[in-house]
Amino acid sequence: MNKTDFGRCAEKYKDTVYRVALNFTGNPQDAEDAVQEALLKLYLSKERFEGDEHVKRWLIRVTLNWCKNLSRASRRRLPTPPEELALSIPFEAEEQIALFTAVMSLPEKYRVPLYLFYYEEYSVREIARILELGESAVTTRLSRARGILRTELTEEGTRS
């Protein structure tokens, strides 16, 4: 990958990489570190990419691997509470804040597939490849995440 292609890809995918890492780690500083690591690996990579979608998938995979390694390391920062994260993101409606907070409160194993499905618009098959899971596992995690969110948001609505 030449410098021009790298610059274009870095600009195009840095926000996606950040969001994926933030969803996994729950910490903005760790997410920023993940972006730097993923983009450095892209710059140094000898991989021959078949197109932009291949680059995007590769970056997400590298990011998730880095985040998994970080979660095993002792230097991991504590996740930022979802309510604090919501304050740092400009939302247009109160419902968006409630949904974001509920999604970020999910365990990582449900939160990441949900993010990839709804925000990055990957299919179950693609998510399974990215996360190195079976398609049935991804489907189960999506279903459970939706159920948890439905319960939490319904309870939240009845408390208001």
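According to my numbering, the sequence shown holds residues 5 to 164 in order.
Even for Gly, the Cβ is constructed at its ideal location relative to N, Cα and C.
All values derive from a computational prediction rather than experimental measurement.
Residues of the same chain with a CB within less than 6 Å of the CB of Y22, apart from the 5 flanking positions on each side, are A35, V39 in chain order. The three-state reading of DSSP puts P117 in helix, counting H, G and I together. For K72, the uninterrupted alpha helix (DSSP H) segment begins and ends at 56–76. Looking from the CA of L74, the closest CA among M108, Q33, Q100 belongs to Q33.
The alpha-carbon separation between E15 and K60 amounts to approximately 12 Å. Here G30 has P83, T84, M108 as same chain residues with Cβ atoms under 7 Å from its own Cβ, once five neighbours each way along the sequence are excluded. Following the DSSP letters along the chain, one finds I134 inside the alpha helix (DSSP H) bounded by residues 128–135.
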